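Protein chains in written order, with the working numbering: chain A, 1 to 344; chain B, 1001 to 1344. Cβ coordinates follow ideal geometry from the N, Cα and C atoms, glycine included. Please read these numbers as outputs of a predicted model, since none were measured by experiment. A short worksheet on the structure shown next.
Protein chains: 2
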Amino acid sequence: MLDERKKKILQLIIEDYISTAEPVGSRNLARKYDLGLSPATIRNEMSDLEMLGYLEQPHTSAGRIPSAQAYRFYVDSMIEPGSLTDNDRALINGWYTERRRNIDEIFQSTAKILSRMTQNVSMVLANKDSEAVFRYMKFLPLNEDHAILIIVTDDGNVDNCVVEIPLGMRQDELDYMAGRVSRILEGKPLSVISENILEGIHTDVAEDELMFRSLLRSLRKISRKHREQRVFLGGTKQLLNQPEFRDVDRVQNLLGILEEERVVRDLLQAGEDSGLKITIGTENKFTGIQDCSMVQATYRLNGKIVGTMAVLGPTRMEYGKVITVMDYLHKYLKTMFEQGSDKE
Amino acid sequence: MLDERKKKILQLIIEDYISTAEPVGSRNLARKYDLGLSPATIRNEMSDLEMLGYLEQPHTSAGRIPSAQAYRFYVDSMIEPGSLTDNDRALINGWYTERRRNIDEIFQSTAKILSRMTQNVSMVLANKDSEAVFRYMKFLPLNEDHAILIIVTDDGNVDNCVVEIPLGMRQDELDYMAGRVSRILEGKPLSVISENILEGIHTDVAEDELMFRSLLRSLRKISRKHREQRVFLGGTKQLLNQPEFRDVDRVQNLLGILEEERVVRDLLQAGEDSGLKITIGTENKFTGIQDCSMVQATYRLNGKIVGTMAVLGPTRMEYGKVITVMDYLHKYLKTMFEQGSDKE
DNA sequence: TATTAGCACTCGACTGTATAGAGTGCTAAT
DNA sequence: ATTAGCACTCTATACAGTCGAGTGCTAATA
Chain A
1 MLDERKKKIL QLIIEDYIST AEPVGSRNLA RKYDLGLSPA TIRNEMSDLE
51 MLGYLEQPHT SAGRIPSAQA YRFYVDSMIE PGSLTDNDRA LINGWYTERR
101 RNIDEIFQST AKILSRMTQN VSMVLANKDS EAVFRYMKFL PLNEDHAILI
151 IVTDDGNVDN CVVEIPLGMR QDELDYMAGR VSRILEGKPL SVISENILEG
201 IHTDVAEDEL MFRSLLRSLR KISRKHREQR VFLGGTKQLL NQPEFRDVDR
251 VQNLLGILEE ERVVRDLLQA GEDSGLKITI GTENKFTGIQ DCSMVQATYR
301 LNGKIVGTMA VLGPTRMEYG KVITVMDYLH KYLKTMFEQG SDKE
Chain B
1001 MLDERKKKIL QLIIEDYIST AEPVGSRNLA RKYDLGLSPA TIRNEMSDLE
1051 MLGYLEQPHT SAGRIPSAQA YRFYVDSMIE PGSLTDNDRA LINGWYTERR
1101 RNIDEIFQST AKILSRMTQN VSMVLANKDS EAVFRYMKFL PLNEDHAILI
1151 IVTDDGNVDN CVVEIPLGMR QDELDYMAGR VSRILEGKPL SVISENILEG
1201 IHTDVAEDEL MFRSLLRSLR KISRKHREQR VFLGGTKQLL NQPEFRDVDR
1251 VQNLLGILEE ERVVRDLLQA GEDSGLKITI GTENKFTGIQ DCSMVQATYR
1301 LNGKIVGTMA VLGPTRMEYG KVITVMDYLH KYLKTMFEQG SDKE
């Protein structure tokens, strides 16, 4: 275990490096912070810290930079939970007033503010509620061979799509059919609306082949939409602000990865269980981002995972700030979702 | 007017520069293309072309690069309409099969493929159809103090939102109200559903204050949604592939501009009238992109402007290819929209 | 008269060398 | 245990020299 002084010195080195992105030397450290120690002493301590694996030297005559192990130690036992500045808090509080028209927009805005406040790339994974329960359906008239199918789920979500109907089918026939299908499907989660059930509809209700196909397609489409996960990115251009990404090739590499929605989804899903998860450098098993760190929070509503948000940046990241921001955002969203009956 | 030989030389210089991004020298030009002229002769011609304002020299001992004037001349009188490779054509044809679930997705996909095929940033402005005409509305049950308001417009678009209703209002009362309001608003464009008309509803139909407010809010919201323009960007990361954007600061500058949706909207709207518009360098009056060129096409449906798509890149742009791609895409979308009754 | 060979000149890109500065490790003194 | 002092290492920077691509001009040529 590190003694107090080593710990203090390590902390200063980490924080200095986080804010300057320059390797930290003993002389500079002594001058900048009032430690009551000479550079030589600090050198000895730094040498020890290097032996212990907390520091690294880019080359002999440079200062030292924190290792992944150091960051790990830092986030585990040196960060005390800070609180947001009034400014930041106000920014978040005001952020959503104009941006909550629908759930997607909320997620997108979250990604945006998360990246803005942390100066890093943010990712938000929205787990669409796959357990939405079918409530009823209804046909509305459109023209002689098409109708609008409306499907309402118990969470108040309304979906619609245009279905082809047999020419000249009357509204009361449609109503009758909607009523019967509704009674069959009512209370069933969209996810289990399987082929069997649908076949049942076929024989029981919608003998007309065309009509049945049309209906089937619509139900599938809506079910898929509910199951679908969506990924929102924010602040990809913030990357360019980070000194470690002055190198265009590196930026391209990372952006290339982020562009693959599938990869980002996997990435976020991998750390979905725990509340707040911090992955530093090579702790992350995804190739291509092993020189980055990621701070990730999963949010739940009534026990179900609603989504995941994460900040991705260089290992030299303001962990304290990021954690604070995510914590506040997390709580904020939670209350917003809980009180929010105006889901759209 | 330029004689044939000058024209030929200018064209070769432009095309060489477009493909290599390196200033073109007389010696190199003579070697690379079989002109039957010595470097010295070419030098003389180049000197003339510089006098005439078509060429520029970055510095004395570099080759020459085309001026904005040269590009203008090039696009105006040297490009012959090419045709897409089979590969590219196949790519476009297959592109939308999985990506036409709704209108927004189509626009987004268009931005994506446009940037992919041109290796540049693409922008798509979707002019939501502000002339959508109200057709009817309907209330569907949700719970004891909320209902789902469905509004159908004549283009087959369906919108819904949750409205608060007086506690215990019966469905038949709601139906009655919906019927009456529908009769009042039917045939009116959403854009002209003004306060006056709405006031009329207030006194005539919905005496209940709460109900009226709720209804009003919903109508406004939907009307706003219809009026709304949306901007889709594609391939912002392609920027980094262009040699002129190896400079991180320049990239940041441009990305900053593109991030401002309002600016992009203005930019696209500025060139909305003409069918195909090419703006080269400082021809563009928007600050910040005056070292870029833009190729823009406006597409209409039944005479109305549906949207605008554009490609933005360095003045050294493959104008020919860009034009060809946009042309094909344009036609493709047109047929898709025209046949497309499955708008969502 | 148009073209071209030849030549002097310019300038950026690259290379090699010297130097300054920041940092280190080690040793001996405190 | 701490620190002053010193020799050493390594990078970044500046500077000089060279190479190569390109130019403009002039005189010779077809």
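field: Cβ neighbours of Lys1343 (chain B) in the same chain (closer than 6 Å, five flanking residues each side left out)
entry: Counting from 1 along the second sequence, the entry for residue 1343 (chain B) is found at position 343. Unreliable placement is indicated for Lys1343 (chain B), whose pLDDT of 38 sits below 50; no coordinate value is reported for it.
message: Just to confirm my understanding: we take Met46 (chain A), look at its own chain, exclude 5 residues before and 5 after, and list those with CB closer than 8 Å. What are they?
response: By 1-based counting over the first sequence, the position of residue 46 (chain A) is 46. Result list for Met46 (chain A): Ile9, Ile13, Ser26, Leu55 and Arg64, in chain order.
- prompt: What is the DSSP secondary structure of Asp342 (chain A), counted as helix, strand or coil?
  reply: Residue numbering aside, residue 342 (chain A) sits at position 342 when the first sequence is read from its first letter. Confidence in Asp342 (chain A) is poor, its pLDDT being 40 and thus under 50, which makes the residue's placement too unreliable to answer from.
message: Using beta carbons (cut-off 7 Å, strictly below), is Gln1252 (chain B) in contact with chain A?
response: Residue mapping note: residue 1252 (chain B) aligns to position 252 of the second sequence, counting from 1. Judged by the 7 Å Cβ criterion, Gln1252 (chain B) is in contact with chain A.
Own chain partners of Ser341 (chain A) with C-beta closer than 8 Å, once the 5 adjacent residues on each side are dropped: Here residue 341 (chain A) corresponds to residue number 341 of the first sequence, with the count starting at 1. Reliability fails at Ser341 (chain A), whose pLDDT of 41 lies under 50, so the model's placement of it is uncertain and the value that follows must be treated cautiously. Closer than 8 Å at Cβ, skipping near neighbours: Gly156.
field: Assigned exposure category for Thr1282 (chain B) - 16 Cβ within 10 Å defines buried
entry: The residue given as residue 1282 (chain B) occupies position 282 in the second sequence. So Thr1282 (chain B) ends up on the exposed side.
Three-state secondary structure assigned by DSSP to Tyr136 (chain A): Translated into the one-based positions of the first sequence, residue 136 (chain A) becomes position 136. Strand, per DSSP.
- request: Flag this pair as yes or no: are the beta carbons of Lys1128 (chain B) and Glu1228 (chain B) separated by less than 7 Å?
  value: For this step, residue 1128 (chain B) is matched to residue 128 along the second sequence. For this step, residue 1228 (chain B) is matched to residue 228 along the second sequence. It is a contact, given that the beta carbons lie within the stated cut-off.
message: If you follow the beta strand (DSSP E) that His146 (chain A) is in, where does it begin and where does it stop?
response: Counting from 1 along the first sequence, the entry for residue 146 (chain A) is found at position 146. Per DSSP, His146 (chain A) belongs to the beta strand (DSSP E) from His146 to Thr153.
- request: Whole angstroms is fine: what's the gap from Lys1321 (chain B)'s alpha carbon to Leu1140 (chain B)'s?
  value: As a first step, residue 1321 (chain B) must be located in the second sequence, where it is residue number 321. As a first step, residue 1140 (chain B) must be located in the second sequence, where it is residue number 140. Roughly 51 Å between the two C-alpha positions.
message: Buried or exposed, going by whether 16 or more other CB atoms sit within 10 Å of the CB of Tyr176 (chain A)?
response: In the first sequence, the residue the question calls residue 176 (chain A) occupies position 176. Looking at its Cβ environment, which holds fewer than 16 other Cβ atoms inside 10 Å, Tyr176 (chain A) is exposed.
query: For Ile308 (chain A), which residues does DSSP report across the bridge?
result: Reading the first sequence from its first residue, position 308 is the one you call residue 308 (chain A). A quick correction: the sequence has Thr, not Ile, at residue 308 (chain A). In the DSSP output, where bridge partners are listed per residue, Thr308 (chain A) has A:Leu125 and A:Thr298.
task: Grab the span of the alpha helix (DSSP H) containing Glu1261 (chain B) for me, first residue to last.
output: On the second sequence, position 261 is the one that residue 1261 (chain B) refers to. It spans Glu1261 to Ala1270 - the alpha helix (DSSP H) in which Glu1261 (chain B) sits, taken as one unbroken run.
- request: Taking only beta-carbon positions, decide if Leu240 (chain A) is within less than 7 Å of chain B.
  value: By one-based count along the first sequence, residue 240 (chain A) stands at place 240. Yes - at least one Cβ of chain B is within 7 Å of the one on Leu240 (chain A).
- request: Between the Cα of Gly1200 (chain B) and those of B:Val1181, B:Val1231 and B:Ser1218, spot the shortest distance and give me the residue it belongs to.
  value: Against the second sequence, residue 1200 (chain B) aligns to sequence position 200. Closest option to Gly1200 (chain B), Cα to Cα, is B:Val1181.
is_contact[Arg246 (chain A), chain B] using C-beta, thresh 7 Å: As a working mapping, residue 246 (chain A) is identified with position 246 in the first sequence. For Arg246 (chain A), the answer is yes, since a Cβ of chain B falls inside 7 Å of its Cβ.
message: Considering only their Cβ atoms, is the gap separating Met78 (chain A) from Val325 (chain A) smaller than 7 Å?
response: Within the first sequence, residue 325 (chain A) is the residue found at index 325, counting from 1. Within the first sequence, residue 78 (chain A) is the residue found at index 78, counting from 1. Cβ distance not < 7 Å, so Val325 (chain A) and Met78 (chain A) don't count as in contact.
message: On the CB-based measure, 16 or more other CB atoms within 10 Å of its CB, does Arg1246 (chain B) come out buried or exposed?
response: Mapped onto the second sequence, residue 1246 (chain B) falls at position 246. That one is exposed.
- prompt: Quick one: does Lys237 (chain A) have its CB under 7 Å from some CB of chain B?
  reply: As a position in the first sequence, residue 237 (chain A) is number 237, starting the count at 1. Yes, Lys237 (chain A) lies at the interface with chain B (some Cβ there is under 7 Å from its Cβ).
message: Can you find the residues in the same chain that come closer than 7 Å, C-beta to C-beta, to Tyr33 (chain A), ignoring five residues on each side of it along the sequence?
response: For the purposes of this step, residue 33 (chain A) is taken as the residue at position 33 of the first sequence. Excluding positions up to five away in sequence, the list reads Leu12.
message: Does chain A have any CB closer than 7 Å to the CB of Val1158 (chain B)?
response: Numbered from its first residue, the second sequence carries residue 1158 (chain B) at position 158. Taking Cβ atoms only, chain A reaches closer than 7 Å to Val1158 (chain B), which makes this a yes.
task: Determine, using beta-carbon pairs with one atom in the region 1288-1299 of chain B and one in the region 1077-1092 of chain B, whether at least three such pairs fall under 8 Å.
output: no
task: Leaving out five residues on either side along the sequence, give the residues of the same chain with a beta carbon under 7 Å from the beta carbon of Gln1119 (chain B).
output: As a position in the second sequence, residue 1119 (chain B) is number 119, starting the count at 1. Contacts found: Gln1238 and Asn1241.
task: Would you check if the distance between the CB atom of Met23 (chain A) and the CB atom of Pro58 (chain A) is smaller than 7 Å?
output: In the first sequence, the residue the question calls residue 23 (chain A) occupies position 23. In the first sequence, the residue the question calls residue 58 (chain A) occupies position 58. Looking at the sequence provided, one finds Pro at residue 23 (chain A) rather than Met. Result yes, Cβ atoms of Pro23 (chain A) and Pro58 (chain A) sit closer than 7 Å.
message: Can you find the residues in the same chain that come closer than 6 Å, C-beta to C-beta, to Lys1007 (chain B), ignoring five residues on each side of it along the sequence?
response: Along the second sequence, one-based indexing puts residue 1007 (chain B) at 7. Within the same chain, Lys1007 (chain B) has no close Cβ partners at all.
message: Cβ closer than 8 Å: which chain B residues qualify as neighbours of Val152 (chain A)?
response: Counted from its first residue, the first sequence places residue 152 (chain A) at position 152. Ordered by position in chain B, the residues that pass the 8 Å Cβ test against Val152 (chain A) are Leu1140, Leu1142 and Ile1148.
message: For a minimum of 3 consecutive residues, which ranges assigned as the beta strand (DSSP E) are wholly contained in the region 31-104 of chain A?
response: none
task: Work out the CA separation of Phe107 (chain A) and Ile92 (chain A) for me, nearest whole Å.
output: One-based indexing of the first sequence puts residue 92 (chain A) at position 92. One-based indexing of the first sequence puts residue 107 (chain A) at position 107. Spanning the two alpha carbons is a distance of roughly 13 Å.
field: Residue interval of the beta strand (DSSP E) (run including Gln11 (chain A))
entry: Within the first sequence, numbered from 1, the residue matching residue 11 (chain A) stands at position 11. Premise fails: Gln11 (chain A) lies in the alpha helix (DSSP H), Glu4 to Thr20, not in any beta strand (DSSP E).
task: Look at the alpha carbon of Gly1168 (chain B) and the alpha carbon of Thr335 (chain A), and state the distance between them as a whole number of angstroms.
output: Here residue 1168 (chain B) refers to the residue found at position 168 when the second sequence is read from its first residue. Here residue 335 (chain A) refers to the residue found at position 335 when the first sequence is read from its first residue. Roughly 28 Å between the two C-alpha positions.
field: Where the region 1254-1278 of chain B meets chain A: residues whose CB sits under 8 Å from a CB there
entry: Leu1255, Gly1256 and Glu1259
field: Boundaries of the alpha helix (DSSP H) in which Val181 (chain A) is found, first to last residue
entry: Reading the first sequence from its first residue, position 181 is the one you call residue 181 (chain A). Unbroken alpha helix (DSSP H) run through Val181 (chain A): Gln171 to Leu185.
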